[in-house]
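Colleague: If you're matching them up, the sequences are chains G and B in order. For the first sequence, the working numbering gives the first residue as 780, with consecutive numbering after it. For the second sequence, the working numbering gives the first residue as 780, with consecutive numbering after it. Have a look at this one before I ask anything.
There are 2 protein chains.
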Amino acid sequence: MISVGGAFIVPLMSPQGSGAAADAAAPAAGRGRRAPRVSGEERESAILATAERLLEERSPQQISVDDLARGAGISRPSFYFYFPSKEAVFLALIDRLVAQADEGREQLLEHLAEDPAARWREALETIFGVFGAHRAVSLAGAEIRAVSPEARALWSGVMEQWVADTAAAIEAERARGAAPAGVPARDLAVALVSMNERVLYASFTGEAPALAEERLLEVLLPIWLSAIYGTTEPG
Amino acid sequence: MISVGGAFIVPLMSPQGSGAAADAAAPAAGRGRRAPRVSGEERESAILATAERLLEERSPQQISVDDLARGAGISRPSFYFYFPSKEAVFLALIDRLVAQADEGREQLLEHLAEDPAARWREALETIFGVFGAHRAVSLAGAEIRAVSPEARALWSGVMEQWVADTAAAIEAERARGAAPAGVPARDLAVALVSMNERVLYASFTGEAPALAEERLLEVLLPIWLSAIYGTTEPG
DNA sequence: GCAGCGTATCAACGCCGCGTCGGGATTGTC
DNA sequence: GACAATCCCGACGCGGCGTTGATACGCTGC
């Protein structure tokens, strides 16, 4: 059963196989053992894999339930046995990505005192890395946020975490005298994290005024540093 | 068919056209062509008004052609006499807003030398003001960008303008020695303008990590200043 | 006054995507 | 061999979109 409301478990298997579609129905004759249970799980990840593959060429709105079903080798009504809606599929994909991102987030900003610039750099690099590795899903996330309350909540959660971590780090830097006082740390964090999100998004879609992906770090890092420390070369 | 109307015509302008025409500037004029049945014009603006009103309570996707038609007192097929699609209606609304914004943009950053902080402050204030005055339309714009290539092009045009203006101002400040060299001015401008857009959007929707609207300026301005001048108190 | 044209309107149609219902197949268990 | 899951799908109803074809209402000109 899939429940869309909360974080639910997603198959650990990497969906990237992108093996081809429409073949899950291979008969293979009853031969062999363990044909029974697995089939369901396989179908489920086939749907997820199809979704991720299709997202690389079209937007979520342009992908129909039928596309997903056919891609996984089942009929449209069967799709509903696995997911309550196509939105739930995208949500599952995003959920998985978010979980990955949360892992990377941990303890990145703990030893700032040693070399602030380097640590902040790593933190930004990590974020860019996670989302860059699944850009299609990242973009889908940003897009269905506008339509799905669940997606909005999920995304908010991630942003909130980053903002909290960033704000805590800024406060720590201020406490040890490395950063000057200024606007509330949390407000600063909100603005900087938002900037990253938007710039990253633009960079992925390649829309009008955007930064080249390779230059993201060298442009954004100095802005973070000067906003936080008042200089791009914090000691 | 029919082009979208005499007033804010939303031309199927080719993409990349610096923000679009919207030469609706002359309300009294427009007498040039055949006498336009007033009734028709009224209907057209009734549709636009309905759209703007409905946008204050629902997202563009949740507004159907039927809603717009009924709101303007006509049937659904009649709607198509005035606009080719509901998307075109929203586009017309955005186009109008963009035109207003373009006006405000002019010559804001010309006398930076006199009092940089104050001038930048005014520039940001102006932008926030224009979009804040029609937040429903602003939000709709951000949302249909994901779906409509025209909307994307339109928005890109606006962003491009601001980025260009901002970049030029930064370069001017660097030239007169008021701002230190650093990452390319344009890149800096892209990041800062993007930050504004995203933070403004979050603030309007009230989504998770957002800044209160009244605090936008006091948070964003210091970030702009320190990113550009390396200090929040440029001389 | 009436022919004629351009404006404005709508009932009815066809299409497509969504989600559901109810019945059927396969498999595993007692 | 009966029962229960699990899995699958044909066929339906709904709602939104955009089009067609048939009108009705001026106004213009003769």
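Just so you know, even glycine gets a beta-carbon here, dropped at the ideal spot from N, CA and C.
Give a yes or no on whether 7 Å exceeds the smallest Cβ distance from P928/G to chain B.
Modeller: As a first step, residue 928/G must be located in the first sequence, where it is residue number 149. For P928/G, the answer is no, since every Cβ of chain B falls outside 7 Å of its Cβ.
Colleague: For L971/G and L1000/G, what's the separation of their Cα atoms in angstroms?
Modeller: The count along the first sequence starts at 1 and reaches residue 971/G at position 192. The count along the first sequence starts at 1 and reaches residue 1000/G at position 221. For L971/G and L1000/G, the distance between alpha carbons rounds to 10 Å.
Colleague: Would you list, in chain order, the members of the stretch 867–895 of chain G that have their beta-carbon closer than 8 Å to a beta-carbon of chain B?
Modeller: Within the stretch 867–895 of chain G, no residue has a Cβ that lies closer than 8 Å to any Cβ of chain B.
Colleague: Leaving out five residues before and five after A805/B in sequence, what residues of the same chain have Cβ atoms less than 7 Å from its Cβ?
Modeller: Here residue 805/B refers to the residue found at position 26 when the second sequence is read from its first residue. The predicted position of A805/B is uncertain, since its pLDDT is 28 and thus under 50; a value taken from the coordinates is nonetheless stated next. Once the five neighbours on either side are set aside, A805/B has no close Cβ partner at all.
Colleague: Please name the residue, chosen from S917/B, A958/B and A930/B, that lies closest to L982/B on a Cα-to-Cα basis.
Modeller: Numbered from 1 along the second sequence, position 203 holds the residue referred to as residue 982/B. A quick correction: the sequence has Ser, not Leu, at residue 982/B. Comparing Cα positions, the closest option is S917/B.
Colleague: Apply the 10 Å Cβ neighbour rule to R924/B and answer buried if 16 or more other Cβ atoms are within range, or exposed otherwise.
Modeller: For the purposes of this step, residue 924/B is identified with residue 145 of the second sequence, where counting begins at 1. Its Cβ being crowded by 16 or more others within 10 Å, R924/B is buried.
Colleague: With 7 Å set as the bound, which would you pick, yes or no: does the beta-carbon of R822/G sit closer than that to a beta-carbon of chain B?
Modeller: For the purposes of this step, residue 822/G is taken as residue 43 along the first sequence, with counting starting at 1. For R822/G, the answer is no, since every Cβ of chain B falls outside 7 Å of its Cβ.
Colleague: Could you tell me which chain B residues have their CB closer than 7 Å to the CB of D966/G, listed as they occur along the chain?
Modeller: Reading the first sequence from its first residue, position 187 is the one you call residue 966/G. By Cβ distance, chain B contributes L990, R994 and V998.
Colleague: I need the DSSP call for R955/G, collapsed to helix, strand or coil.
Modeller: The sequence position of residue 955/G within the first sequence is 176, counting from 1. Coil.
Colleague: Can you give the Cα-Cα distance for W736/G and T905/G, rounded to whole angstroms?
Modeller: Residue 736/G is absent from the model: chain G starts at 780 and stops at 1014.
Colleague: Between the stretch 922–952 of chain G and chain B, which residues of the former have CB atoms less than 7 Å from a CB of the latter, in chain order?
Modeller: Here the close residues are E922, A925, V926, R931, S935, M938, E939 and V942.
Colleague: With A896/G and L1004/G assumed to form a contact (beta carbons below 8 Å), what rounded beta-carbon distance in angstroms separates them?
Modeller: Counting from one through the first sequence, the residue named residue 896/G turns up at place 117. Counting from one through the first sequence, the residue named residue 1004/G turns up at place 225. Yes, they are in contact, since the Cβ atoms of A896/G and L1004/G sit about 6 Å apart, within 8 Å.
Colleague: Could you confirm whether any beta carbon from chain B is found closer than 7 Å to the beta carbon of G1009/G?
Modeller: Working through the first sequence from its first residue, we reach residue 1009/G at position 230. Yes, G1009/G counts as interfacial toward chain B.
Colleague: Assign R955/B to buried or exposed, taking buried as 16 or more other Cβ atoms, counted over all protein chains shown, within 10 Å of its Cβ.
Modeller: Walking along the second sequence from the start, residue 955/B turns up at place 176. Exposed, because fewer than 16 other Cβ atoms sit within 10 Å of the Cβ of R955/B.
Colleague: Residues of chain G with CB closer than 7 Å to the CB of V962/B, please, in chain order.
Modeller: In the second sequence, the residue the question calls residue 962/B occupies position 183. Ordered by position in chain G, the residues that pass the 7 Å Cβ test against V962/B are E997, V998 and P1001.
Colleague: Relative to the C-alpha of P1013/B, which residue among A848/B, D944/B, P959/B and D845/B is closest?
Modeller: As a working note, residue 1013/B is residue 234 in the second sequence. Minimum Cα distance to P1013/B is reached at P959/B.
Colleague: Rounding to the nearest angstrom, what Cα-Cα distance links R898/B and E993/B in this structure?
Modeller: As a first step, residue 898/B must be located in the second sequence, where it is residue number 119. As a first step, residue 993/B must be located in the second sequence, where it is residue number 214. Cα to Cα, the separation comes out at about 19 Å.
Colleague: When the Cα of V937/B is compared with those of V978/B, G883/B and G985/B, which residue comes out closest?
Modeller: By one-based count along the second sequence, residue 937/B stands at place 158. For V937/B, the nearest C-alpha among the options comes from G883/B.
Colleague: If I'm right that L888/B touches D944/B with Cβ under 8 Å, what's the distance once you round it to whole angstroms?
Modeller: Reading the second sequence from its first residue, position 109 is the one you call residue 888/B. Reading the second sequence from its first residue, position 165 is the one you call residue 944/B. Indeed they touch by this definition, with Cβ atoms about 6 Å apart.
Colleague: Work out the CA separation of S927/B and R931/G for me, nearest whole Å.
Modeller: Here residue 931/G refers to the residue found at position 152 when the first sequence is read from its first residue. Here residue 927/B refers to the residue found at position 148 when the second sequence is read from its first residue. Looking at the two C-alpha atoms, the distance is approximately 21 Å.
Colleague: Using a cut-off of 7 Å between C-beta atoms, extract the partners of A981/B located in chain G.
Modeller: The count along the second sequence starts at 1 and reaches residue 981/B at position 202. Chain G residues near A981/B: S973.
Colleague: What are the uninterrupted segments assigned as alpha helix (DSSP H) that are 4 or more residues long and contained completely in the stretch 933–1000 of chain G, given in chain order?
Modeller: Correct list: 964–984.
Colleague: If you reduce the DSSP assignment to three classes, tell me which class D894/B lands in.
Modeller: To locate residue 894/B, count along the second sequence from 1; it is residue 115. Coil, per DSSP.
Colleague: Identify the contact partners of A902/B in chain G, using a Cβ-Cβ distance below 9 Å as the criterion.
Modeller: Your numbering for residue 902/B matches position 123 in the second sequence. Within 9 Å Cβ-Cβ: nothing; A902/B doesn't reach chain G, min ~17 Å.
Colleague: By the three-class DSSP mapping on this structure, what secondary structure does E1012/B have?
Modeller: Taking the first residue of the second sequence as 1, we reach residue 1012/B at position 233. Three-state result, E1012/B: coil.
Colleague: I'd like to know whether the C-beta atoms of E838/G and R977/B end up nearer to each other than 7 Å.
Modeller: Here residue 838/G corresponds to residue number 59 of the first sequence, with the count starting at 1. Here residue 977/B corresponds to residue number 198 of the second sequence, with the count starting at 1. According to the sequence shown, residue 838/G is Ser rather than Glu. It is not a contact, given that the beta carbons lie outside the stated cut-off.
Colleague: With 8 Å as the C-beta to C-beta threshold (strictly closer), list the residues of the stretch 833–854 of chain G near chain B in chain order.
Modeller: From the stretch 833–854 of chain G, only S838 and Q840 have a Cβ closer than 8 Å to chain B.
Colleague: Strictly below 9 Å CB to CB, what residues from chain G border V978/B?
Modeller: Locating residue 978/B in the second sequence gives position 199, counting from the first residue. Near V978/B (Cβ distances below 9 Å), the residues of chain G are V969, A970, S973, M974 and R977.
Colleague: Report the residue ranges of all alpha helix (DSSP H) runs contained in full by the stretch 854–924 of chain G; include only those spanning at least 4 residues, in chain order.
Modeller: Qualifying alpha helix (DSSP H) stretches, in chain order: 855–861, 865–884, 895–912 and 914–923.
Colleague: Roughly how many angstroms lie between the CA atoms of E823/B and L872/B, to the nearest whole one?
Modeller: Locating residue 823/B in the second sequence gives position 44, where the first residue counts as 1. Locating residue 872/B in the second sequence gives position 93, where the first residue counts as 1. Rounded to whole angstroms, E823/B to L872/B spans 12 Å at the Cα level.
Colleague: Classify E820/G as buried or exposed, calling it buried when 16 or more other Cβ atoms lie within 10 Å of its own Cβ.
Modeller: Position 41 of the first sequence, counted from the start, is the residue given in the question as residue 820/G. Result: exposed.
Colleague: Consult DSSP for W1003/G and reduce its assignment to one of helix, strand or coil.
Modeller: Translated into positions along the first sequence, residue 1003/G becomes position 224. Helix at W1003/G.
Colleague: Could you check the C-alpha separation between E997/B and E901/B for me, to the nearest Å?
Modeller: Within the second sequence, the letter at position 218 stands for residue 997/B. Within the second sequence, the letter at position 122 stands for residue 901/B. Computed Cα separation, rounded: 12 Å.
Colleague: May I have the straight-line CA-CA distance separating Y1008/B from V909/G, to the nearest angstrom?
Modeller: Against the second sequence, residue 1008/B aligns to sequence position 229. Against the first sequence, residue 909/G aligns to sequence position 130. Those two C-alpha atoms are separated by around 32 Å.
Colleague: For a test of your reading of the model: does the CB of H890/G fall under 6 Å from any non-hydrogen atom of the ligand GDP? Yes or no.
Modeller: Questions concerning the ligand GDP fall outside what the structure shown contains, since it holds no ligand whatsoever.
Colleague: Taking its Cβ as the centre, do 16 or more other Cβ atoms sit within 10 Å of G809/B, making it buried, or is it exposed?
Modeller: Translated into positions along the second sequence, residue 809/B becomes position 30. A caution first: G809/B carries a pLDDT of 30, below 50, which makes its placement in the model unreliable, though a value can still be read off. By the neighbour-count rule (16 or more Cβ atoms within 10 Å), G809/B is not buried but exposed.
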